[in-house]
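Asks:
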Amino acid sequence: GAGVSQSPRYKVAKRGQDVALRCDPISGHVSLFWYQQALGQGPEFLTYFQNEAQLDKSGLPSDRFFAERPEGSVSTLKIQRTQQEDSAVYLCASSPAGAGTDTQYFGPGTRLTVL
Amino acid sequence: GDSVTQMEGPVTLSEEAFLTINCTYTATGYPSLFWYVQYPGEGLQLLLKATKADDKGSNKGFEATYRKETTSFHLEKGSVQVSDSAVYFCALSDEISTDKLIFGTGTRLQVFP
Chain S
153 GAGVSQSPRY KVAKRGQDVA LRCDPISGHV SLFWYQQALG QGPEFLTYFQ NEAQLDKSGL
213 PSDRFFAERP EGSVSTLKIQ RTQQEDSAVY LCASSPAGAG TDTQYFGPGT RLTVL
Chain X
39 GDSVTQMEGP VTLSEEAFLT INCTYTATGY PSLFWYVQYP GEGLQLLLKA TKADDKGSNK
99 GFEATYRKET TSFHLEKGSV QVSDSAVYFC ALSDEISTDK LIFGTGTRLQ VFP
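Protein chains in written order, with the numbering used here: chain S, 153 to 267; chain X, 39 to 151.
In structure tokens:
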């Protein structure tokens, strides 16, 4: 079966532009996570959905970051008025049931470069 | 808050050498522990996991044992191959909070023939 897919794979934005990053999780997976991975670092948590409910958004770095999962499947991470410090790889992961013991399955990531 | 500390890389080894990558953690609850691997040009994938103290996770010749007394989850392999060259991330998931993963900074392994 298909894994987690993300689009676009690469995005170049001028400073101040808005961007939208899409994540298609594995079909039937309840939990969806977004992470941000700066160059040479480990991924850092941004936000978490259980079905369509956003249960944790404590990792979003500012109010310019917004995520949604309206039908409990596809998710979009939106960044408004992008800044250079937003340049990173944005990873999406899904897991079957949302238990801490669950394996999270990662997508290939979207590499965002803000000029 | 919860955190993971892993040894800095790069780790450079010859083929068939023994590998250890150290990982220690700090957590308020009873975390599950994971090793994820990122091969060149690929996404993160789970290598192994352990969900309670004294559990041993293993996969592809890699092993790690959940040591609560030393708060460690060191990754080992008896004989590395060139194909093991990748970045390895130690991570924890704490059920007290949401089930997000907290990652270490990653350790790059380079294996030469």
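Idealized CB from N, CA, C, for every residue including glycine.
For T255 of chain S, which residues in chain X fall below 9 Å Cβ to Cβ?
Replies: Those are F72, L84 and K87, listed as they occur along chain X.
Asks: Compute the Euclidean distance between the alpha carbons of E107 of chain X and K230 of chain S, then round it to the nearest angstrom.
Replies: So the two alpha carbons sit approximately 42 Å from each other.
Asks: Note down the Cα distance separating S246 of chain S from L57 of chain X, rounded to an integer number of angstroms.
Replies: Whole-angstrom Cα-Cα distance: 30 Å.
Asks: Just the C-alpha distance for V125 of chain X and Q193 of chain S, rounded to the nearest angstrom, thanks.
Replies: Roughly 10 Å separates the two Cα atoms.
Asks: When Cβ atoms are compared, which residues of the stretch 116-128 of chain X fall closer than 8 Å to chain S?
Replies: Cβ contacts with chain S: F127.
Asks: Along the stretch 183-200 of chain S, where does the CB come closer than 8 Å to a CB of chain X? Name the residues.
Replies: Of all residues in the stretch 183-200 of chain S, S183, F185, Y187, G192, Q193, G194, P195, E196, F197 and Y200 have a Cβ within less than 8 Å of some Cβ in chain X.
Asks: Between which residues of its own chain and E223 of chain S is the CB-CB distance below 8 Å, once the five residues before and five after are set aside?
Replies: Excluding positions up to five away in sequence, the list reads E204.
Asks: Cβ closer than 8 Å: which chain S residues qualify as neighbours of K106 of chain X?
Replies: Residues of chain S passing the Cβ test: none, with the nearest at roughly 16 Å.
Asks: Which residue marks the beginning of the beta strand (DSSP E) containing T199 of chain S, and which one marks its end?
Replies: Segment E196 to Q202, the beta strand (DSSP E) holding T199 of chain S.
Asks: Return the Cβ separation of G81 of chain X and G180 of chain S in integer angstroms, given the expectation that the two are a contact with Cβ distance under 8 Å.
Replies: About 20 Å separates the two Cβ atoms, so there is no contact after all.
Asks: Tell me the DSSP secondary structure of E101 of chain X in three-state form.
Replies: Correct three-state label for E101 of chain X: strand.
Asks: The beta strand (DSSP E) with T265 of chain S in it runs from where to where?
Replies: Segment T262 to V266, the beta strand (DSSP E) holding T265 of chain S.
Asks: How should D103 of chain S be labelled, buried or exposed, when 16 other C-beta atoms within 10 angstroms of its C-beta is the threshold for buried?
Replies: Look at the range of chain S in this structure, 153 to 267, and you will see that residue 103 of chain S is not part of it.
Asks: Does the Cβ-Cβ distance between Q44 of chain X and C128 of chain X come in under 8 Å?
Replies: Yes.
Asks: List, in order along the chain, the chain S residues whose C-beta lies closer than 7 Å to that of F141 of chain X?
Replies: Result: G194 and P195.
Asks: In angstroms with no decimal places, state the Cα-to-Cα distance between Y63 of chain X and Q158 of chain S.
Replies: Taking the straight line from one Cα to the other gives about 30 Å.
Asks: Taking G39 of chain X as the reference, give the member of X:F150, X:G67 and X:V149 with the closest Cα.
Replies: Out of X:F150, X:G67 and X:V149, X:G67 has the C-alpha closest to the C-alpha of G39 of chain X.
Asks: Can you list the residues of chain X that L243 of chain S reaches, using a CB-CB cut of under 8 Å?
Replies: The answer, in chain order, is G81 and L82.
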